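Each protein sequence line maps, in turn, to chains D and Z.
The opening residue of the first sequence carries number 146 in my numbering; numbering runs sequentially from there.
The opening residue of the second sequence carries number 3 in my numbering; numbering runs sequentially from there.
The beta-carbon is built from N, C-alpha and C at its ideal position, and this holds for glycine as well.
Bear in mind the structure is a predicted one, so any value in this text is a computation, not a measurement.
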Amino acid sequence: MTLLIITSVVLVIIIIGLIVRAQSLIDIVTGSAQKRAGFSNSFNALMFPAFLVFGFGAAIWTAIHASQYFLPEAASEHGIITDKLFWITMAVIGVVFFATHVLLFTFPFTYQYKENRKAYYYPDNHKLELIWTLIPAVVLSILVFTGLKAWTDITTTAPSNSTVVELVGKQFNWIVRYPGIDSKLGKHNYRKIDATNDAGIDFADRNGFDDFISNEVHLPKGVPVHLRIRARDVLHSVFMPHFRVKMDAVPGMPTQFWFTPTKSTEDMRTELGNPDFNFELACTEVCGRGHFGMRKLIIVHEPEDFQKWLREQESFLAKNPDYLKSVPEGLKKLAALQIKNPQAVKQVEEGEVVKTQASL
Amino acid sequence: MEATESKILDHGHAHHDEHHDEHDHHGNFWTNYIFSQDHKVIAKQFLITGLMWAFLGGGLSIIFRLQLGFPNMDMSFLKPILGGWIEEGKLNPEFYLAMVTMHGTIMVFFVLTAGLSGTFSNFLIPLQIGARDMASGFLNMLSYWFFFVSSVLMFTSLFIETGPASGGWVIYPPLSALPQAMPGSGLGMTLWLSSMAIFIISSLLGSINYITTVINMRTKGMTFSRLPLSIWAFLVTAIIGVLSFPVLFSAALLLIFDRSFGTSFFLSEIYINGEALPNMGGSPILFQHLFWFLGHPEVYIVLLPALGITSEVIAVNSRKPIFGYKAMIGSILFIGLISFIVWAHHMFVTGMNPFLGSIFMFLTLIIAVPSAVKAFNYIATLWRGNLIFTTGMMFSIGLVSLFISGGLTGIVLGNAAIDIQLHDTYFVVAHFHLVMGSASFFGMMAGVYHWFPKMFGRMMNDKMGYVHFWMTFIGVYLVFFPMHYTGIAGFPRRYYSFTSFDAFKTFTDLNMFISVAAMITFSAQLLFAFNFFYSIFRGRRATLNPWKANTLEWTTPLHPSHGNWVGEIPTVYRWPYDYSKPGAPDDFIPQTVPYAHTPESNLPHEADDIEEVGEIPDVIEINEKSVS
Chain D
146 MTLLIITSVV LVIIIIGLIV RAQSLIDIVT GSAQKRAGFS NSFNALMFPA
196 FLVFGFGAAI WTAIHASQYF LPEAASEHGI ITDKLFWITM AVIGVVFFAT
246 HVLLFTFPFT YQYKENRKAY YYPDNHKLEL IWTLIPAVVL SILVFTGLKA
296 WTDITTTAPS NSTVVELVGK QFNWIVRYPG IDSKLGKHNY RKIDATNDAG
346 IDFADRNGFD DFISNEVHLP KGVPVHLRIR ARDVLHSVFM PHFRVKMDAV
396 PGMPTQFWFT PTKSTEDMRT ELGNPDFNFE LACTEVCGRG HFGMRKLIIV
446 HEPEDFQKWL REQESFLAKN PDYLKSVPEG LKKLAALQIK NPQAVKQVEE
496 GEVVKTQASL
Chain Z
3 MEATESKILD HGHAHHDEHH DEHDHHGNFW TNYIFSQDHK VIAKQFLITG
53 LMWAFLGGGL SIIFRLQLGF PNMDMSFLKP ILGGWIEEGK LNPEFYLAMV
103 TMHGTIMVFF VLTAGLSGTF SNFLIPLQIG ARDMASGFLN MLSYWFFFVS
153 SVLMFTSLFI ETGPASGGWV IYPPLSALPQ AMPGSGLGMT LWLSSMAIFI
203 ISSLLGSINY ITTVINMRTK GMTFSRLPLS IWAFLVTAII GVLSFPVLFS
253 AALLLIFDRS FGTSFFLSEI YINGEALPNM GGSPILFQHL FWFLGHPEVY
303 IVLLPALGIT SEVIAVNSRK PIFGYKAMIG SILFIGLISF IVWAHHMFVT
353 GMNPFLGSIF MFLTLIIAVP SAVKAFNYIA TLWRGNLIFT TGMMFSIGLV
403 SLFISGGLTG IVLGNAAIDI QLHDTYFVVA HFHLVMGSAS FFGMMAGVYH
453 WFPKMFGRMM NDKMGYVHFW MTFIGVYLVF FPMHYTGIAG FPRRYYSFTS
503 FDAFKTFTDL NMFISVAAMI TFSAQLLFAF NFFYSIFRGR RATLNPWKAN
553 TLEWTTPLHP SHGNWVGEIP TVYRWPYDYS KPGAPDDFIP QTVPYAHTPE
603 SNLPHEADDI EEVGEIPDVI EINEKSVS
């Protein structure tokens, strides 16, 4: 087998060699080797515009066929804006792409070598150069400023009414933590991580008593969502294609991203006519062997359904009462109470706040 | 044959200045071909090493394209090459990442930096500015041999048990810093870092030499405003390299410390494999800043020489001056300058301060302006030219097309708001493969076809060249154009397979198509390899100035010996782009022809400059004779 391959490769090389040899001999005999431009020149000159026509045809045809998969349906507020920016930019560069290529590929045909013609000595034209410096500069400035506005809007501080979700990247999955009833994420400490407490919740902080871990990302529709992102081991990157969300997860440096989902999972299923549709969370920063499989399901609920889901969740501490051990002495009672009746604790706390406020 | 020919030449002109000719062929095989200090030999060493790397790097991409295009394929037939990395007919996902990483590293550094800049800066700088050799032939030789050692290390890393570096060519820590994160971060990464450190030394030695030579060793009359654009491009490239490569060196050094000596420059609060590491306070983002401070200028280190070569080739074969010579120099300088302050556009979504993102977005889009000017100037050069489609010319036109196509999508990616979705998707892959990968590769090919006669005294076969060009050009578009589609659909890069996600399950046919196109494109390169090596030995004998070009290299003998010119170095009297000048009898006037000899074609301001008339050097005539 191997021998056969080697023999055929050698044969192919010999054949090419012979063809080349014969062809160059013919060139010498016919004298075309001496000519400055012969048949090949005209052939290549014609090939450029042919490539242009064929290329544009193919590009348009394939783009039309592929467009059904382009930019999956945007399901966030800023996503609609960035999509619009994307298509505007694509339109602008599309025009430039088309215009420059028409010139670039027709000139070779129009100005192919002719023995009796002399090229036009045209070393420069300052006016022309100024024009084609200024026009791109102006167009680009416009694109920059619209982009800057969108970028600053997207990256402003998250609104105070945001639903907070913590995403922790690790090899090779995501941990999803919710702040629970108090809406405050408890502190975390990477030294507290173990097989069960894989998010490293630090139970010295009382805000963590009601935190819970979820198997999927659940989000409310129409309410700002504040993603608090971190990584345990190496870089990861949160990518939610339908929400136009991407932010790296960095060990030792918390990052964030906020956005407002505009469509629930059900909405998308009806809209796309696909009952199996699901929002997904992927990793886009290479993180090792399982990088391509770091999938997490995202479920967007109507706000009331989300609240209902939220209430049904049991805190990490309630599920793993062993961790009461690591709660500091002074807070043990509170933690125990929290496990049994989180609602009551919340009421007590609110009462305390009222009292303190009154005493002030 | 080479030797005898040059000898004849030397004896025929023994009355000529001498001390340089003495170097010729007096050494042995080792000093002439291996540890040579002749810039031309060193250039060929860089070229051939670079081409070998190109085939290896390209070959890796074919293997991982097989995986991407045909995820269910039984790959057992690759076992003879990949051995244990094929597990039960499947490619090991870690080795997939390793191949992606090595493909990137090899192509960016070993092919398009060393193979392109190393070859043509070495070959053309002394020949086009009129110098006997580089400022320091010895450093130049060291530059190649450092590159060689670095190559050996990188090549070795492909064969070790834990595999080569696998964290992507950007080797972001902590992944690259922790051997427990992936096997490739063990010995493979150590070899990668050592190899790159040595590579940087090689690059610096080369660049310092290029800069010194261009500044100090130009022949009489070769002012900066008479330098060919290729030389301008090589000069600015070298300056960029000298300023940015040391930063990568420092990044690599700090990473070596983190890996081996327990420091925490890039590591902080890491829990891996059931163990909390002691490192605190480091920042992985710091590494990214350091890396991209080289990484982005690197793009221009790769691209500028290609653009310089193209400027030269397009002007020669359009039989027209390059349009806007001064604007072209200005663009090169401006691109060189701005290339240092755009690096963080690779980092919009890394958690870097968004305000910084705004600044870098602004600066990034500025750099599109000089790039646009360059593209327009190329097109204007073609306009009303008298175009001769040599293979070099066709690759140059191809370069302009790829440069435009890939450059334009840069405007999309440079916009931070849009980049949120497109970052690290195939849109980025398509973008940089067109604008930096393919465009630079086309520049390299243009250079090889154009200067082959000067390198080896023979012509490459043009028909085979045309087939090579069209297959490559069409192939490159077939591979990378559809990649934009998958990118717009959100497909992330560096994925072993797309089957785990509903969102990325589409486009399986397209991925297959891309893979097939990649294989065809790659096989076209074999044709080039055949043409190249065949022509070195059996190609048609070249004439002295086969493309009828103006620049100085074509005034040297067919096989220039060490020292380049037999007699005195020719003096330069004019810029290199006097093609088809009105009034001139021929359609080119070499740089060595004084204005006094061309009263019929002088422009008014040139007629005023005539006092610098020198004697016309007789070198050209001598060389013509020696060939006939």
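Beta carbon proximity, residue i to chain D, threshold 9 Å
i              : result
residue 396(Z) : yes
residue 356(Z) : yes
residue 199(Z) : no
residue 610(Z) : no
residue 455(Z) : no
residue 101(Z) : no
residue 24(Z)  : With a pLDDT of 43 at residue 24(Z), under the threshold of 50, the predicted position of this residue should be treated as unreliable, though the coordinate-derived value follows. Chain D contact via Cβ: absent.
residue 468(Z) : yes
residue 72(Z)  : no
residue 184(Z) : yes
residue 520(Z) : no
residue 576(Z) : no
residue 348(Z) : no
residue 460(Z) : no
residue 329(Z) : yes
residue 615(Z) : With a pLDDT of 49 at residue 615(Z), under the threshold of 50, the modelled position of this residue cannot be trusted; read the value that follows with caution. With 9 Å as the cut-off, residue 615(Z) does not count as an interface residue toward chain D.
residue 451(Z) : no
residue 164(Z) : no
For residue j and residue i, believed in contact at Cβ under 8 Å, the rounded distance
i              : j              : result
residue 436(Z) : residue 424(Z) : With a Cβ gap of about 15 Å, residue 436(Z) and residue 424(Z) do not count as contacting.
residue 286(Z) : residue 176(Z) : 6 Å
residue 55(Z)  : residue 112(Z) : 4 Å
residue 314(Z) : residue 185(Z) : Actually they do not touch by this definition, with Cβ atoms about 46 Å apart.
residue 110(Z) : residue 402(Z) : Their Cβ separation, rounded to whole angstroms, is 22 Å, which puts residue 110(Z) and residue 402(Z) out of contact at 8 Å.
residue 349(Z) : residue 290(Z) : 6 Å
residue 635(Z) : residue 519(Z) : With chain Z represented from 3 up to 630, any question about residue 635(Z) goes unanswered, as that position is not in the structure.
Residue range of the alpha helix (DSSP H) that includes residue i
i              : result
residue 332(Z) : 327 to 340
residue 484(D) : 477 to 485
residue 328(D) : No alpha helix (DSSP H) holds residue 328(D); DSSP gives it neither H nor E.
residue 474(D) : From DSSP, residue 474(D) is part of no alpha helix (DSSP H); its letter is neither H nor E.
residue 394(D) : Element bounds for residue 394(D): not the alpha helix (DSSP H) but the beta strand (DSSP E), 390 to 394.
residue 543(Z) : Per DSSP, residue 543(Z) belongs to no alpha helix (DSSP H) and is neither H nor E.
residue 376(D) : Segment 370 to 376 is the beta strand (DSSP E) holding residue 376(D); no alpha helix (DSSP H) there.
residue 310(Z) : 286 to 320
Beta carbon proximity, residue i to chain Z, threshold 9 Å
i              : result
residue 141(D) : This structure does not reach residue 141(D), given that chain D is present from 146 up to 505, and the question cannot be answered.
residue 348(D) : no
residue 286(D) : yes
residue 207(D) : yes
residue 326(D) : no
residue 360(D) : no
residue 392(D) : yes
residue 458(D) : no
First through last residue of the beta strand (DSSP E) which encompasses residue i
i              : result
residue 404(D) : 400 to 404
residue 323(D) : 318 to 323
residue 193(D) : Taken as a continuous stretch (DSSP letters only), residue 193(D) belongs to no beta strand (DSSP E), being part of the alpha helix (DSSP H) at 184 to 211.
residue 359(D) : 357 to 359
Test: residue i CB closer than 9 Å to a CB of chain B
i              : result
residue 248(Z) : You won't find chain B in this structure, because its protein chains are D and Z.
Open item on the list: Counting beta carbon pairs with one atom in the segment 370 to 379 of chain D and one in the segment 311 to 330 of chain D, are three or more of them shorter than 8 Å?
Closed with: yes
Task: Touch test, the segment 465 to 476 of chain Z against the segment 66 to 76 of chain Z, Cβ-Cβ under 8 Å, three pairs minimum - done: no
Task: Uninterrupted alpha helix (DSSP H) stretches inside the segment 412 to 456 of chain Z (no shorter than 4 residues) - done: 418 to 424 and 428 to 434
Open item on the list: With three or more C-beta pairs closer than 8 Å as the rule, is the segment 272 to 287 of chain Z touching the segment 72 to 92 of chain Z?
Closed with: no
- [ ] For the segment 506 to 520 of chain Z and the segment 443 to 459 of chain Z, state whether three or more C-beta atom pairs, one from each stretch, are separated by less than 8 Å.
- [x] no
Task: Length-filtered (4 minimum) alpha helix (DSSP H) runs lying within the segment 401 to 461 of chain D - done: 410 to 417 and 448 to 457
Open item on the list: Three or more C-beta pairs under 8 Å: does that hold for the segment 449 to 459 of chain D against the segment 389 to 397 of chain D?
Closed with: no
TODO: Determine, using beta-carbon pairs with one atom in the segment 540 to 556 of chain Z and one in the segment 586 to 599 of chain Z, whether at least three such pairs fall under 8 Å.
DONE: yes
Open item on the list: Would the segment 397 to 413 of chain D count as touching the segment 359 to 370 of chain D if we require 3 or more Cβ pairs under 8 Å?
Closed with: yes
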